[in-house]
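Chemist: Shown below is the structure under consideration.
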Amino acid sequence: MIRPLARWTLIAAALLAAGLAAAEHVLAVTYFESHSVRPELEPLGRGVADMLTTDLARGDGVRVVERNRLNTLLAEMELQRTQYIDEATAAQLGRGLGATAVVTGSMTLALEGMRIDARVVDVATGEVLLSTQATGAEDQFFALEAQIARTILDELGASFDPEAIGARDLSLADAVAGARRIDEVDSAY
């Protein structure tokens, strides 16, 4: 027979474990800084962020802040035109959105290929919780973004269907065109 105090201790431990397991990560994804030898591909930094937003939202235990809320706060903080968001700014931005972490990074396109770097920054401390990168040929753009999303979800302990992430049938030109449309919408704010 379990004593009453021991029983309540076991119940409290079970509730705590269940609460921790159900705890959600609330992420805000900023536009990625873009470096390219081809200026027409510059908008892909925004495209990467938007695709990550979609893919990260597919993880159980992860919520992603809506882009409109992020744009509003960026405008209030006068960061809309800023190219780079450092860890301290990311933490400030995340707190304003009610996020627990901010995903930020960069995309570099060179003659020999591309590299996407991503960091997840803890809002409370400004500490980089995790960083990851993916490198490949330009025509692997969507696979590289999907690799980043899967790595972030895996590292955050979120369950997800790997087949549902990165399943896109778009050309790189379509991605650039989509990113330009996003720019147009964002500039209206």
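Taking this note's numbering, the leading residue of the sequence shown gets 20, the next gets one more, and so forth.
By construction, the Cβ of each residue, glycine as well, lies at the ideal position given by its N, Cα and C atoms.
Hey, out of P62, G66, D74, V45, whose CA is closest to Q166's CA?
Modeler: Start at 1 with the first residue of the sequence shown, and residue 166 comes out as number 147. It is D74 whose Cα lies nearest to the Cα of Q166.
Chemist: Would you call the region 61-74 and the region 114-131 in contact, with 3 or more CB pairs under 8 Å?
Modeler: These segments touch.
Chemist: Measure the Cβ-Cβ separation of V56 and A129 and say whether it is below 7 Å.
Modeler: Translated into the one-based positions of the sequence shown, residue 56 becomes position 37. Translated into the one-based positions of the sequence shown, residue 129 becomes position 110. Yes, they are a contact pair.
Chemist: Report yes if the CB atom of A76 is closer than 7 Å to the CB atom of V84, and no otherwise.
Modeler: As a working mapping, residue 76 is identified with position 57 in the sequence shown. As a working mapping, residue 84 is identified with position 65 in the sequence shown. Contact flag unset, no.
Chemist: Among residues of its own chain, excluding the 5 on either side of Y50, which ones have a beta-carbon nearer than 7 Å to its beta-carbon?
Modeler: Taking the sequence shown and counting its residues from 1, the one referred to as residue 50 is at position 31. Cβ within range, chain order: G64, R65, A68.
Chemist: Write down every uninterrupted run of the beta strand (DSSP E) in the region 129-200 whose length is 3 residues or greater and which is fully enclosed by it, in chain order.
Modeler: Counting only runs of 3 or more, we get 132-141, 147-155.
Chemist: Got a sec, what are the start and stop residues for the alpha helix (DSSP H) A68 sits in?
Modeler: Position 49 of the sequence shown, counting from 1, holds the residue named residue 68. Unbroken alpha helix (DSSP H) run through A68: 63-75.
Chemist: Please classify G200 as buried or exposed, where buried requires at least 16 neighbouring CB atoms within 10 angstroms.
Modeler: For the purposes of this step, residue 200 is taken as residue 181 along the sequence shown, with counting starting at 1. The sequence as given places Arg at residue 200; Gly does not occur at that position. Label assigned to R200: exposed.
Chemist: Using only CA atoms, which one of Q159, G80, R138, G185 lies nearest to A151?
Modeler: Numbered from 1 along the sequence shown, position 132 holds the residue referred to as residue 151. A small correction: the amino acid at residue 151 is Thr; Ala does not occupy that position in the sequence shown. Nearest of Q159, G80, R138, G185 to T151, Cα basis: R138.
Chemist: Where do the ends of the beta strand (DSSP E) carrying E52 lie?
Modeler: Numbered from 1 along the sequence shown, position 33 holds the residue referred to as residue 52. Taken as a continuous stretch (DSSP letters only), the beta strand (DSSP E) holding E52 covers 52-55.
Chemist: Under the assumption that G132 contacts V45 (Cβ atoms under 8 Å), give the Cβ distance between them as a whole number of angstroms.
Modeler: Within the sequence shown, residue 132 is the residue found at index 113, counting from 1. Within the sequence shown, residue 45 is the residue found at index 26, counting from 1. The pair is not a contact, with the Cβ atoms about 33 Å apart (cut-off 8 Å).
Chemist: With which residues is A47 paired in a DSSP beta bridge?
Modeler: For the purposes of this step, residue 47 is taken as the residue at position 28 of the sequence shown. For A47, which the question treats as bridged, DSSP gives the partners V121.
Chemist: Helix, strand or coil: which one does DSSP assign to V81?
Modeler: Counting from one through the sequence shown, the residue named residue 81 turns up at place 62. Three-state result, V81: strand.
Chemist: What is the C-beta distance between A162 and G185, in whole angstroms, given that I count them as a contact (C-beta under 8 Å)?
Modeler: Counting from one through the sequence shown, the residue named residue 162 turns up at place 143. Counting from one through the sequence shown, the residue named residue 185 turns up at place 166. The pair is a contact, with the Cβ atoms about 6 Å apart (cut-off 8 Å).
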